[in-house]
Structure formats: structure tokens, C-alpha cells
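Structure record follows, encoded as C-alpha cells.
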Amino acid sequence: MNRVLKRSVALAMVAVLLLSLGATPAAAKDASKGRWLKIRVYAHGSTTPTVLVNLPMSFVSAAVKVLAKSGAQATIDASLESSPEDRSSGPRHREIDLEALVKELEAMDPGQILEVQEDDGRVSIWIE
Numbered sequence: 475m476n477r478v479l480k481r482s483v484a485l486a487m488v489a490v491l492l493l494s495l496g497a498t499p500a501a502a503k504d505a506s507k508g509r510w511l512k513i514r515v516y517a518h519g520s521t522t523p524t525v526l527v528n529l530p531m532s533f534v535s536a537a538v539k540v541l542a543k544s545g546a547q548a549t550i551d552a553s554l555e556s557s558p559e560d561r562s563s564g565p566r567h568r569e570i571d572l573e574a575l576v577k578e579l580e581a582m583d584p585g586q587i588l589e590v591q592e593d594d595g596r597v598s599i600w601i602e
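Count the sequence shown with the working numbering and you get residues 475 to 602, in order.
Here you go:
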């Protein structure tokens, strides 16, 4: 698995753990939904995940709401949406509306959210 992918997964895990400190009480009151966000990271050719994360959707929603209320901001690298000539000027970032993200996550039906496959690994994220 390449270093960028490992670093991204490690940062995501740390963020989730830190969020759990402030969001757990809010998540506990909405545990009746029973849906889960599942994340799996597989090394090249492996059928067993090297990283396995199961989070209640109520926890994910509560954590993102806490972030949104705290004034935290999330950005993504939008340079992949542009042509190669535009990318030469450096990365462009697009801000993510965290409250809109919560609404989308809560409204999603169970199923695949994201799957990324590279030569040396695979990452799958879905709601069950």
C-alpha cells in the first residue's frame, strides 16, 4: 500500500478517535437508526482488510454536526476537476458544507459510497 494512502487512512482514524470524545453523548441518544458506516482498506491482493472500521451512522452524524457547530471547515482538492493546464498553477481547494454533508449522509440509502482501487491496494466505504 502506498504511503499517501496509508497516511490518509491514519489521519482519518485519528480524526474519528478525536471526534468520538466530543460526539459520543450526542450519538448515544440517536442509536435507534441502526445503520453503520463501514470502511475497509485492503493491501494488494489481500482478501482480508488491513484496516477495518465500523461506525454507527448516528455517531458519524453527531461528529460532523459537532464539527460544523465548532466552526471547523473541510476542504477538498478540486484540481482533479480541471484540465492539466489549469493544474499547473497549483492545487485549488473547495470548501465542504459540513451541515449539508450531514443531511446527505442521513438521507442516503444503504450501499456503496466510495471505492478506490490502486495497484497496491483498495479502499471501500459504504453504509449498511
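For each residue, glycine too, the CB sits at the ideal point set by N, CA and C.
Where the alpha helix (DSSP H) through residue i begins and ends
i	result
A536	M531 to K543
E580	L572 to A581
Among the options, nearest to residue i - alpha-carbon criterion
i	options	result
V576	A542, A546, N528 and I587	A542
R509	V590, L579 and V597	L579
T549	E569, P530 and K539	E569
G585	D593, A574 and E602	E602
D551	H567, G519, S544 and V540	H567
V538	A581, E573 and D593	E573
Exposed unless 16 or more other CB atoms sit within 10 angstroms - verdict on residue i
i	result
I587	exposed
V597	buried
Same chain, Cβ closer than 7 Å to residue i, neighbours up to 5 away in sequence not counted
i	result
L634	What the structure shows of the chain is the stretch from 475 to 602, and residue 634 is not part of that stretch, so it cannot be assessed.
Q547	E569
One or two residues paired with residue i in a DSSP bridge
i	result
A517	G595
R568	I550
E602	Paired residues: none, contrary to the question.
G508	Per DSSP, none; premise fails for G508.
Sequence-distant residues of the same chain with beta carbon closer than 6 Å to residue i, five excluded per side
i	result
I599	I513, I587 and L588
8 Å CB neighbourhood of residue i in its chain, flanking five on each side removed
i	result
D593	H518
M531	K507, R509, W510, L511, L579, E580 and I601
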